[in-house]
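Everything below concerns the one structure shown next.
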Amino acid sequence: MSLGRKLACVALVLVLGASLAANWLAPAGYARQYRDATNAEPSRTHWLGTDEIGRDRFARVLYGTRISLLLAPAAALVSTLMAAFIGGLAGYLGGAWARTAMAVTDLFLSLPWLFLLITARALMPLNVSPVVSVLVTFLLLGLLGWTTAARVLCRCAASLRASDFVRQARAAGLPAQRLFWVHIIPNLKPVLYAQFWISIPVFILSEANLGILGLGVAEPMPSWGSLLKELEGMVSIGEEPWKFVPLVLLVVVVTSFQLLLSQQEEVAA
Amino acid sequence: MKRNERMSNEMTDRCGKAIVIALLCLGSLLSHAVAQGGGELRFCLRTEPKTFNPLKVEDDAAGAIRYLTGGVLVRVNRQTQNLEPELAQSWKVSKDGRQISFRLRSGISFSDGTPFTAEDVAYTVQQLMDPALHSPTGDAFRSGTGNVETKVVSPTQIWIRFPAQVAELDRLFDQVAILSQHSPKKEMAVLGPFMVADYKPGSTVLLNRNPNYWKTDEHGHKLPYLDSIHLDIQPNRDVEMLRFKRGELDLINSLDSEYFDKLAATSPQVVHDAGASLDSEQLWFNEVAKSPIPSYKKDWFRSVNFRRAISEAINREDLSRVVFHGHAQPAVGPFSPANKSWFNARLKPQIYSPDAALKALQSDGFRLENGTLKDIGGNEVVFSIITNAGNKYRERMAVLIQEDLQKLGIHVNVVTLDFPSLIERMTQSFDYEAIILGLTNVDLDPNGEMNVWLSSSENHQWNPQQKTPETPWEAEIDRLMRAQASSSDAKKRKEAFDRVQEIVVEQEPFIFLINKNSLSAVSTAVHGAAPVILSPQTFWNAERLSVSGK
């Protein structure tokens, strides 16, 4: 493992560890409002200052990291499994099945997903708790994020279908279902891993985008998206540099994932 | 010796007089210079003006251009809120409130030199009331069916008769820019201080001084002082702010509190807080009988005790201090105290008291169990507040209210929706529980809010389009609003609307939260600026502004 990847692992472990220990590390709950200390600068009490309504920014960064970092992989898992099933099956069956599945995939790819998410969020029941809203947001991301991966997996499955060992298995009379689960899917694993790792930063950024639009995780729950909203309207980095901490974390985490991903791609190759 | 002394004294006197005369001449010259060369004023319009026809104005940008270019018969002084003569020297409204007669100034010409007469007023009124034009300004005059009669008595005298009484008839003419009947330039021939000289769609509107403008200042100098006004079309407020800081713009007509504080930190001399504006922010509950929300929630929302308790539990001082950085005032009622004529001064501000709110709820059968408030049927008191995504002030107010109500054991879910979805829920499906939105008031008169307070109205937001008033107090508001609208007695109108305000405060169908302050920024290079709360806040006296150092 190269030094870069080791550093990436350490960074991810540290960030994830700190976010999981938020209950102990954070000086207050993420929703607690110190209304007499709004927009405070970093101090002993508030390490990263407070936000516009007096909530401790350090606590919000920790809890927000936990939400974004735990739920993005969950959404990535959903989308990868869907891609494996739809893309893998289409590639394996080939012919009209593959053409139909890929036409549906193309249709999904051509949809303006951001507007679709906005619409989906608007159609949701209003009276859901913040926890449900965050789960639904990431579930929607997962359900809509399978398309690109499905195309890749369809190609891979199609090439596997034409490979010698699959022909031999088929000639030996192996049932199609067993052939798919025992020979096709396991051989798609490296590609699936790669797609999984690619999806995580994509979903983190998607949630951040939705958060900036005010359509992601519901208040008072923090997420990287809602934390990044604070950077709107800032005209210089030197103005309040501590507000950039969520952005730095996002960059570190996404870069770390990319470094690890390059290793996965090498394995897949 | 004495003679020499006398001579010396005379010399000193003469020198003194000469200096005084020289200074007076210099002062006069400087004043003349300001008057004749007031420079160019630059500021931003936030949207493209949809029209240059003053009778068709419905957006802010077109409204600003109409204000700067249009000549009106009477004008509401934005500072004193009183009506003042402009093209009309005097006017009189008949006792039945249907007819108004104007005596006009003579010797006035449009910007293209066409003379101004009473025929132009008659032509403008006929155009304004033409149903085919769909004039939003004209809608305010439509109080009954039938035609509007105009009678030109002489070139300087005219009367206009409406089919039914129009409340505050004379004040409505503040919005009516007079068109020329005979000018080939049509609506581009104006009587205001400026005229449109150039328009680049999506980019700029250039207004030049109207050479035929009739007004002079107290020293006899022709107005306006400015040579031109350069309006950049710029929807992005960050860009507007940056350009103002760089000195490329001379004023920002309306600032939000964050930008205000940022500017105040570096250039306190350029920012102006004119105090509470007419705009309000409010929370209301869904009281629509057919709405698809559980019936027990409808019972809560239709209970005045519940609404009053929620109102009492909201810390408005904190909303003002935390969310608006002190640039807002806790709201007292439906009209802001800034409305000098119509605000009911007898109304008392709502006192923040979560304990009293809890007691009121308990007397209504609610009980607190393990930190959660439950109603008489054992249902947990949980509801959602929706507001439009992207409005950070409303989002923050919702989060503060969420925390305030948590103290009563009430769980609030804050949901931000894109604006079309929110409007659809508010006006079509009625699938919501509570909303935070604002009312932007441009009209001082309560008739401007008839569409909000009448129970049959579409904008009676908590329970719109009622066939007959569903509650006695809504019936009473309907009666009072109609009574004040059909009366020409100012005192009776005030009494009726005072009572409307009292009923609204007692019943709290709208829980009024705050009145935002009118915030603006004016460069120190601009002379004569005196920002006010009424629109247009910074350039209401544009004819007397001048810009130095350009």
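Chains as they are written, first to last, in this note's numbering: chain A, 51 to 319; chain B, 166 to 715. Ideal Cβ placement from N, Cα and C applies to all residues, glycine included.
Exercise. How would you write the range of the alpha helix (DSSP H) that A/F165 sits in, first residue to last?
Worked result: 163-173
For this session: Would you kindly report the start and end of the unbroken beta strand (DSSP E) that includes B/P585?
Result: Counting along the chain, B/P585 falls outside any beta strand (DSSP E), though it belongs to the alpha helix (DSSP H) covering 584-589.
Exercise. Tell me which same chain residues have a C-beta within less than 6 Å of the C-beta of B/P219, skipping the five on either side of it?
Worked result: R231, G235, A342
Problem set entry | As assigned by DSSP and simplified to three states, the class of B/E534 | strand
Exercise. Within the chosen definition, does the segment 145-161 of chain A reach the segment 189-207 of chain A through at least 3 CB pairs nearer than 8 Å?
Worked result: yes
Exercise. Between B/A686 and B/F409, is the Cβ-Cβ spacing less than 8 Å?
Worked result: yes
Exercise. Using a C-beta to C-beta distance shorter than 8 Å, which residues of chain A count as neighbours of B/A493?
Worked result: Going along chain A, no residue has its Cβ under 8 Å from B/A493, so there is no contact; the nearest lies around 14 Å.
Problem set entry | Residue span of the beta strand (DSSP E) that contains B/Q593, given as start and end | Where B/Q593 is concerned, there is no enclosing beta strand (DSSP E), given that its DSSP letter is neither H nor E.
For this session: Compute the Euclidean distance between the alpha carbons of B/W721 and B/L206, then round it to the nearest angstrom.
Result: For residue 721 of chain B there is no data in the structure shown, the boundaries of chain B being 166 and 715.
Exercise. Enumerated in chain order, which unbroken segments of the alpha helix (DSSP H) with a length of 4 residues or greater are wholly contained in the segment 52-84 of chain A?
Worked result: 53-70, 72-75
For this session: Using a cut-off of 7 Å between C-beta atoms, extract the partners of B/S485 located in chain E.
Result: Absent here is chain E; the protein component of the structure consists of chains A and B.
For this session: Would you kindly check if the distance between the Cβ of A/A109 and the Cβ of A/G145 is under 8 Å?
Result: no
Exercise. Looking at C-alpha atoms only, which residue of B/K632, B/L619, B/E671, B/E383 is the closest neighbour of B/A650?
Worked result: B/L619
Exercise. Smallest Cα separation from B/F425: which of B/E405, B/V453, B/E568, B/L372?
Worked result: B/E405
For this session: Starting from the N-terminal side, write out each stretch of the alpha helix (DSSP H) that is 4 residues or longer and does not extend beyond the segment 328-411 of chain B.
Result: 334-337, 402-410
Exercise. Mind checking if A/G104 is an interface residue toward chain B, Cβ cutoff 8 Å exclusive?
Worked result: yes
Exercise. So which of A/A200, A/F253, A/P175, A/G104 has the shortest CA-CA distance to B/E568?
Worked result: A/G104
Exercise. Going along chain A, which residues have a C-beta under 7 Å from B/R561?
Worked result: E102, I103
Problem set entry | Entirely enclosed beta strand (DSSP E) segments - the segment 501-552 of chain B, minimum 3 residues | 532-534, 537-539
Exercise. Taking the alpha-carbon positions, what's the B/G272 to B/P376 distance?
Worked result: 14 Å
Exercise. Where are the beta strand (DSSP E) runs, 3 residues long or more, that stay fully inside the segment 172-235 of chain A, in chain order?
Worked result: none
Problem set entry | 8 Å Cβ cutoff, A/N177 in contact with chain B | yes
Exercise. Of the choices B/S711, B/E708, B/N682, whose alpha-carbon is the least far from that of B/H437?
Worked result: B/N682
For this session: Less than 8 Å between the CB atoms is what I'm expecting for A/V111 and A/L299, so what's the real figure, rounded?
Result: 7 Å
For this session: Please check the pair B/L587 and B/I551, which I expect to be a contact at CB under 8 Å, by giving their CB distance rounded to whole angstroms.
Result: 6 Å
For this session: Could you tell me whether the Cβ atoms of B/V665 and B/L645 are closer together than 8 Å?
Result: yes
Exercise. Taking only beta-carbon atoms, is B/Q631 less than 8 Å away from chain A?
Worked result: no
Problem set entry | Interface partners of B/Q567 on chain A, CB under 8 Å | E269, P270
Exercise. Any idea if A/V60 is buried or exposed, counting beta-carbon neighbours within 10 angstroms, 16 or more meaning buried?
Worked result: exposed
Exercise. Using the C-alpha atoms, what's the distance from B/K387 back to B/Q201?
Worked result: At B/Q201, the pLDDT of 48 sits below 50, so the modelled position is not reliable and the matter cannot be decided from this model.
Problem set entry | For B/H692, the residue or residues it bridges with in DSSP | B/S711
For this session: Identify whether B/Q567 lies in helix, strand or coil by the three-state DSSP scheme.
Result: helix
For this session: Check whether the Cβ atoms of A/W274 and A/E257 sit closer than 8 Å, and answer yes or no.
Result: yes
Problem set entry | For A/V301, the nearest candidate out of A/M284, A/L278, A/P240, A/L190 (CA to CA) | A/L278
Exercise. Do you know how far the Cα of A/L167 is from the Cα of A/V252?
Worked result: 15 Å
Exercise. Is the beta carbon of B/R402 less than 8 Å from the beta carbon of A/E102?
Worked result: no
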